[in-house]
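When you line the sequence shown up against my numbering, it's residues 784 to 1200, in that order. Beta carbons are placed, not taken as given, at the ideal position from N, Cα and C, and that holds for glycine. Please read the structure below before turning to the comments.
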Amino acid sequence: MNFWHGKQIIIGLGGGIAAYKTLEVIRRLREAGATIIPVPTVAALQFVTPLTLQALCGAPVRDALFSPLEPDGMDHIRLARQADLVIIAPATADLLARMAQGQADDLLTTLLLARHGPVLVAPAMNPAMWDHPATRRNVTILQEDGLLFTGPETGSMACGETGSGRMAEPATILEAARRALTPKILQGRRILITAGPTREELDPVRFISNHSSGKMGWEVALAALRAGAQVELIHGPVALPPPLGATTHAVDSACAMLAATLNCWLDQPGCDAAILTAAVADYRPATRQTDKIKKGDVARELTLELTPNPDILAMLSAWSGVRTRNGQQRVIVGFAAETGNALVRGREKLARKGCDLLAINDVSAPGCGFGADTNAVTLIGRDGRTADWPLLPKEQVAERLITTVAEFIAHPPPSNR
Ligand code: CTP
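Here it is in structure tokens:
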């Protein structure tokens, strides 16, 4: 099921021009199935009208601390308790100050005082106001109180100045909100992920590659980040924006991917798991021509001589001397793209490569494969486990895989090495 389906989110709006971006956050959350309760401050209603909020949220605006429509006058307590998440966007300097002081002079600040669950804050203000010692103090206080922050970002501001103070973009706020609600099963863990295709150059203008989009690896990286892990994402050429918070290492060829992977695997503090989703080219041209190959320079038929690339997954798995971190087994996960007879071929591949877990998918099956947003995976393990997952969005495949990896790290099966 969609992550946001059935979630109840309070959106608290402060009085800033960035409130127009909050409308987009509301729209996207509603589209994803969340219920939104808009709680604007009086100042926020200078920037967006109650009618706009009501129409977008499909719910009445809550802005009165003392409403005759509430028979018991306990709206702030009820609102504070029932919501899964409170997002304050935009959080102006004034609103941050009132929150840090624990003031309760309107509905929004009052419900924040009554709240026990997660609160995510997206500040937006002029750079000088953001840098002011008073604002810095208030942010520190709120962080110490356990509130989560996203942004502000650096860039040009509505006031014409440039600096830090621009509210985080809607997509960033949504991702931060999702992280605020995801259990931290990989907190303190460092996870290495490879993703995308590799490119093997023939000459300065041509290369051999494959159709991998990198989507599966990206979703695995996002799922690991949401679970609290530090992520090292080593990827070939892809057209995807870097996942928020991941350390990315862009590489081209299989040999460059191997070098970057070994660097992360062998460095200090090391990684707890490697999840290798990359579609590494199995071969590269035996020689890379320094000048462009011209039609006139070769016979009518051009024959390419190819040489095998190193197998990154097999190398990591075979390296028994570095299979532990802080005395704990490190987990190595491979992905197998097969066309037909997937389970038999997958089992053979798991044995040949020596990894702990192998996620097999039949790329010829409908809804699976390169560029698709869904995948049907069978997960097999060295310990004999087999799990058949139905056709799922890649996001949910990644989430299940991350849960399995976290369990594996916490409780390595006895049969494992
Ligand atoms: N892999 C790797 N290095 C390679 C080739 C593959 O690390 N040179 C990893 C992939 O990232 C994936 C797994 O091995 O996790 C299986 O990849 P796949 O392409 O299915 O396997 P191959 O070894 O290439 O076998 P084949 O093409 O014969 O199916």
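Cβ-Cβ distance between residue i and residue j below 9 Å
| i | j | result |
| --- | --- | --- |
| A1037 | P987 | no |
| L891 | P823 | yes |
| M912 | G948 | yes |
| L1096 | L1059 | yes |
| A1142 | A1119 | yes |
Spatial distance of residue i from residue j (CA atoms)
| i | j | result |
| --- | --- | --- |
| L1045 | E807 | 42 Å |
| R972 | T923 | 26 Å |
| T1115 | N909 | Residue 1115 is actually Ile in this sequence, not Thr. If I take the Cα positions, the gap works out to 47 Å. |
| S1147 | D1171 | 17 Å |
| G1123 | L879 | 58 Å |
| C729 | A887 | This structure leaves residue 729 out entirely; the chain is present only between 784 and 1200. |
| L828 | G885 | 22 Å |
| N1199 | I974 | The predicted model places N1199 with a pLDDT of 48, which falls under 50 and marks its position as unreliable, so this point remains unresolved. |
| A1159 | P916 | 53 Å |
| P873 | I956 | 11 Å |
| R810 | P821 | 12 Å |
| K790 | T818 | 6 Å |
| L761 | G1137 | The displayed coordinates of the chain run from 784 to 1200. Any statement about residue 761 would go beyond what the structure contains. |
| T1030 | A1061 | 16 Å |
| I792 | Q1013 | 27 Å |
| Q837 | V844 | 6 Å |
| I794 | A842 | 12 Å |
| G979 | L1089 | 21 Å |
Helix, strand or coil at residue i [DSSP, three-state]
| i | result |
| --- | --- |
| Q886 | coil |
| N1199 | A caution first: N1199 carries a pLDDT of 48, below 50, which makes its placement in the model unreliable, though a value can still be read off. Coil, per DSSP. |
| G948 | strand |
| T818 | strand |
| E1084 | coil |
| R1106 | coil |
| I860 | helix |
| N785 | coil |
| N1124 | coil |
| G1150 | coil |
| F849 | coil |
| P833 | helix |
| D914 | helix |
| T1169 | strand |
Closer than 9 Å to chain D by CB, residue i
| i | result |
| --- | --- |
| I794 | Annotation note: the requested chain D is absent from the structure, which comprises a single protein chain. |
DSSP beta-bridge partners of residue i
| i | result |
| --- | --- |
| H1032 | I1017 |
| R1071 | R1071 is not bridged to any residue. |
| L1175 | N1158 |
| D986 | R989 |
| Q791 | T818 |
| F1191 | Answer is none; F1191 lacks a bridge partner. |
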